Amino acid sequence: MKQFRTLITIVVLMLSSIAVSAQTSVETLTIGVLVTDADINADHATEIRQAVQLAIDEINDAGGVDNANNSDIYRLQAVFKDVANADEVAQAIAELTQEGAIAILGPESNALLPDLSNLEVPLLTMGSGLDGIYHQTSEFVYQLRANDDTLARIALLFAVEELNAEDLAVISADSRYGQIATNAILEDVAELDDVDLILDRTRNNTSDVSAIVADIVNDNPDTILVADRFDNFVGFMDELSASEWSGELVYLYDNTDLVTVSVNDDIDLYSLSIWFNLADDQMSDDFVDLYAETYGEMPSTLGVLYYDGLNLINAGLASAGDDRVALSNWFDVNADYTGVQGNYTAGNDSGELIRSAFVLQVVDGRLEEEQRYSFELDTFTVVSQ
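Read left to right, the sequence shown gives residues 776 to 1160 (the numbering used here).
#1: Bridge partners of V1025, per DSSP?
#2: Measuring alpha carbon to alpha carbon, tell me which of L1047, F1133, V935 ends up nearest D1055.
#3: From V945 to S1059, what does the alpha carbon distance come to, in whole angstroms?
#4: Count the other CB atoms within 10 Å of the CB of R1166; is the residue buried (16 or more) or exposed (fewer)?
#5: Quick one, which of R1141, V1100, R1147 has its alpha-carbon nearest V896's?
#6: Spatial neighbours of E822 within its chain, please: C-beta separation below 6 Å, excluding the five flanking residues on both sides.
#7: Assuming contact is defined by CB atoms lying nearer than 8 Å, are S913 and G902 in contact in what I supplied?
#8: With 16 as the cutoff for other CB atoms within 10 Å, does Q918 come out buried or exposed?
#9: Going by beta carbon distance, what residues of the same chain come within less than 7 Å of D990, once the five residues before and after it are set aside?
#10: Between the Cα of V1009 and those of N958, G1022, N1030, R1141, spot the shortest distance and give me the residue it belongs to.
#11: Relative to the alpha-carbon of V801, which residue among E1023, D814, D847, N835 has its alpha-carbon at the smallest distance?
#12: Given a threshold of 16 other Cβ atoms within 10 Å of its Cβ, counted over all protein chains shown, does S982 qualify as buried or as exposed?
#13: Which runs of the beta strand (DSSP E) at least 3 residues long sit entirely within the stretch 793-852? Give them in chain order.
#14: Is the stretch 928-945 touching the stretch 985-999 in the sense that three or more CB pairs, one from each, lie closer than 8 Å?
#15: Cα-Cα, which of M1073, D818, V984, I806 is closest to I834?
#16: Tell me which residues share the same chain as L1087 and place their Cβ nearer than 6 Å to its Cβ, disregarding the 5 neighbours each side in the sequence.
#17: Take V854 and list the residues in its own chain whose beta-carbon comes closer than 6 Å to its own, dropping the five residues that flank it on each side.
#18: State the Cα-Cα distance for the pair F915 and V1108, rounded to the nearest angstrom.
#19: Put A1132 into one of helix, strand or coil per three-state DSSP.
#20: Would you kindly work out how many angstroms separate the C-alpha atoms of A861 and L1135, rounded to a whole number?
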């Protein structure tokens, strides 16, 4: 009798399994990935592919994406497209759209973005994002990193709260991103009682550098905020370090070569980074360990962006399903995901899905974490200190 009951139980379980299988639809979804042409930067191309495949393997090995709205299970596959310029990006987007991609990651630089006004598929870019102009062009465009406005506000907050800045100078490139950063700083300084912006200079060309340094020496601000391309920043620092000025300087952007910049002992140099590979948090530790174990090397910020981007798409598919418009709306209104870079939230019509950054200091030829800020509920909060 006991054996008979056991047999009945096995049959019931088998029938239940068949019924569940019949109700569950397993579908393979394509994620398009725009990859830097290896002829331009082979290391970047390799890291993009590795980070994306790492995330896809994790998701698929865990059973795929379970859609909360029905019984569908999604397995993910990546289709990589090598791109070297805006025309190739436009062609790749058109091909991926035609091939049915549910979302596209990349490119890593906004300089490669073509006209996106006819975009039909969510595009998650890795560039600085400026102030949301790409999302204004198309509601399908989102940024996977803090924009220039956010970075400028973090730099000012750090300068005021941690460096006790009172007399500020802002040096910016003659560009849209430079103007955005400067405007954000001007707006926030206007609300502060004990901080004065005593010098605001825009660099039109490299010949302006000597004149700007002379103004800095003459006006003697205690803290300088710089929003400029890294190659121009290097030349500026060469001249500033050779001058008599001393104080703190915060560079608004991310570059691992910052440790090679000439800095005299009287200048404390800081920079902002959207992610730091020595970040002391569990998500970063787990990602670095997994990436290093899988590929035998350390990841960079680029790997984090593509890895997080794939997992953010995963979270969106689980919530919104495999409709492009519904997925895009999720990014804009309901996005909620904690990744390696930090907390991703709704774009709120700007397309900026995350608003956080590390402040790093150059110390004895290496970068050290000073502070981590995150913009939540309309105010910046200190994540780590």
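Even glycine gets a Cβ: it sits at the ideal position worked out from N, Cα and C.
Small disclaimer: the values here were computed from a predicted structure and weren't measured.
In terms of the structure at hand:
#1: L1000, Y1045
#2: F1133
#3: 32 Å
#4: With the chain running from 776 to 1160 in the structure shown, residue 1166 is simply not present.
#5: V1100
#6: L1077, G1078
#7: no
#8: buried
#9: L974, R976
#10: N1030
#11: D847
#12: exposed
#13: 801-811
#14: yes
#15: I806
#16: Y1112, Y1119
#17: T805, G807
#18: 12 Å
#19: strand
#20: 32 Å
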